[in-house]
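Line by line, the protein sequences give chains H and X. The first sequence maps to residues 1 to 224 in the numbering used here. The second sequence maps to residues 225 to 448 in the numbering used here. Here the structure comes first, spelled out in structure tokens, and everything after it is commentary.
2 protein chains.
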Amino acid sequence: MGAPKYQKIKQDLMEEIKDASVNTPIASERELAGRYNASRMTVRNAINELVEEGVLYRDKNKGTFVADQRLMKKNTSAETLNKPMDDTYDYNVIYFSSCFCDEKIAACLEIESEDWMIRIVRLNRKNGKPVSVEEIYLIQSLINDNDYNNLNKLLDLKGYIDEGSVTQKFLPIIVPVKYINLLHVKLNTPIIMVESTIVSKSGSPVVYIREFNNPTEKIIEITT
Amino acid sequence: MGAPKYQKIKQDLMEEIKDASVNTPIASERELAGRYNASRMTVRNAINELVEEGVLYRDKNKGTFVADQRLMKKNTSAETLNKPMDDTYDYNVIYFSSCFCDEKIAACLEIESEDWMIRIVRLNRKNGKPVSVEEIYLIQSLINDNDYNNLNKLLDLKGYIDEGSVTQKFLPIIVPVKYINLLHVKLNTPIIMVESTIVSKSGSPVVYIREFNNPTEKIIEITT
DNA sequence: AAGTGGTCTAGACCACACT
DNA sequence: GTGTGGTCTAGACCACTTA
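Written out as structure tokens, the structure is:
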């Protein structure tokens, strides 16, 4: 069968409110149930997800309203993990290799240092300006051969997140000299390095990312 | 009436799993429904909240399991906004005043610079070690007179969050000289300043916080 | 009084895992 | 075949707000 009914309702609602201004009420749950020939619980399921995502908010005894889109939930900072890139974003892969883990990376991925990993370094740009350098570490044994030859597939890590969770550490450092030219920042500039670990539902690490952020081009912002 | 039935179920489940190890299955939804003489939808409501909070995870066709507590969702970095402090935490209020807004703060709180605000500066400690300095800005007109004289109440901002959302910006800076001694860090240390704005459901700012974090005593970490 | 979201019931069918 | 979570129905009562 096709997608569940509540997903269809959710999509329709998102389409309906995409140009609506903040605090506009949406139709009541009972009315939507009638319109979609669905039960109220099904409509609530659709609305619940949109509330959870910060697209709508409820006000008891009053109704359900369009939330401030500026306050849309943003839970991660990493370019790699964000929504589909729009055309103001692009990137260059600077380095790609398959090699043994060094100890630090092995510890983060909970593998042995004699295990193979894939290391990708890329420079992310927005409007042509360098926003961050990402060092992405994957466990080689988890990658099948088809994906190995498809860089875009390798770098599309969003799929992993739906099935797991992300932990990010924010570390203040002085920009590493090797990235000064790439990021186009001055010597001794304080920057934030974000260490992200994606773990599967069962708790085993899948991907480890170090992201060196250019503070003049990117402000890390999170909304909950 | 008392609390809703699903909240009671949620509390019981939390109690039950608090010492359980990771990946332990909980009772099935149908069994819990029987045990609590509730419908399955009511049990699902309870479980949904725990899944949303990262306490449990579901595996389709298999069951519902205890999640890795290390991966419990942590959505904010600020001391002020975190769970009830345990006894390893304490703080000193260093500064408390009621004054006109300067322009920068007024802009963040979306009020006029001739409006009054309350400014609180405090030093947070864990195990006696300084973890952060927080500058907390409240809109005076939103505070009633009773609360004004109750510093603990003023600093208990968690209530606001349930009704609104938090946006945090992470800014890399060199530690301000005035906080070097308080934080016990060296001159020119790179640190992260977290700017938090709490806004109500309707989108108007309520509290603005600047937090200067000691990188040697506190690693900012977020799990989603 | 009418309408809203919050909670709740007692069923149902499905696809999928395991045995 | 049995059990699981995922989805869905067609009602219901409550507390509350608004007119």
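All C-beta atoms in this analysis are idealised placements derived from N, C-alpha and C, irrespective of residue type, glycine included.
Discussion item. Rounding to the nearest angstrom, what Cα-Cα distance links Asn299 of chain X and Asn75 of chain H in this structure?
Written reply: 8 angstroms
Discussion item. So, does the segment 190-199 of chain H touch the segment 212-221 of chain H, judging by three or more C-beta pairs under 8 angstroms?
Written reply: yes
Worksheet item: Starting from Phe210 of chain H and walking both ways along the beta strand (DSSP E), at which residues does that stretch end?
Response: Going by the sequence as given, residue 210 of chain H is Arg instead of Phe. Looking at the DSSP string, the run of the beta strand (DSSP E) that includes Arg210 of chain H is Pro205 to Asn213.
Worksheet item: Hey, Tyr315 of chain X and Arg346 of chain X are a contact pair by Cβ (cut 8 angstroms); roughly how many whole angstroms apart?
Response: 5 angstroms
Practice prompt. Scan the segment 424-447 of chain X for residues whose Cβ lies nearer than 7 angstroms to a Cβ of chain H and list them as they occur along the chain.
Written response: Lys425, Ser426, Gly427, Pro439, Ile443, Ile444, Glu445, Ile446 and Thr447
Worksheet entry | Proximal residues of chain X, C-beta to C-beta of Ser141 of chain H below 8 angstroms | Those do not exist, as Ser141 of chain H stays about 22 angstroms from chain X at its closest Cβ, beyond 8 angstroms.
Worksheet item: Measuring CB to CB, does Arg44 of chain H end up less than 7 angstroms from Glu135 of chain H?
Response: no
Worksheet item: So Val279 of chain X is in the beta strand (DSSP E); what residue range does that whole segment cover?
Response: Neither: Val279 of chain X is in no beta strand (DSSP E) and is coded neither H nor E.
Fill in: is_contact[Val55 of chain H, chain X] using C-beta, thresh 7 angstroms
no
Practice prompt. Quick one: give me the first and last residue of the alpha helix (DSSP H) that Ile111 of chain H is part of.
Written response: It is not in any alpha helix (DSSP H) - Ile111 of chain H carries neither H nor E in the DSSP assignment.
Practice prompt. Consult DSSP for Ser98 of chain H and reduce its assignment to one of helix, strand or coil.
Written response: strand
Practice prompt. Using a Cβ-Cβ cut-off of 7 angstroms, state whether Ile191 of chain H counts as contacting chain X.
Written response: yes
Practice prompt. Go ahead and pull the three-state DSSP assignment for Gly258 of chain X.
Written response: helix
Fill in: Same chain, Cβ closer than 6 angstroms to Thr223 of chain H, neighbours up to 5 away in sequence not counted
Leu71, Lys73 and Lys74
Discussion item. Which same chain residues end up closer than 8 angstroms to Phe324 of chain X when comparing Cβ atoms and leaving out the 5 residues on each side of it in sequence?
Written reply: Ser337, Glu338, Asp339, Trp340 and Met341
Discussion item. Check this for me: beta carbons of Val55 of chain H and Thr24 of chain H, under 7 angstroms apart or not?
Written reply: no
Worksheet item: Can you round the beta-carbon distance between Val390 of chain X and Leu305 of chain X to whole angstroms, since I take them to be within the 8 angstroms contact cut?
Response: 7 angstroms
Worksheet entry | Interface flag, Pro228 of chain X vs chain H, CB-CB below 7 angstroms | no
Worksheet item: Could you give the distance in angstroms between the alpha-carbon of Ala331 of chain X and the alpha-carbon of Leu362 of chain X?
Response: 13 angstroms
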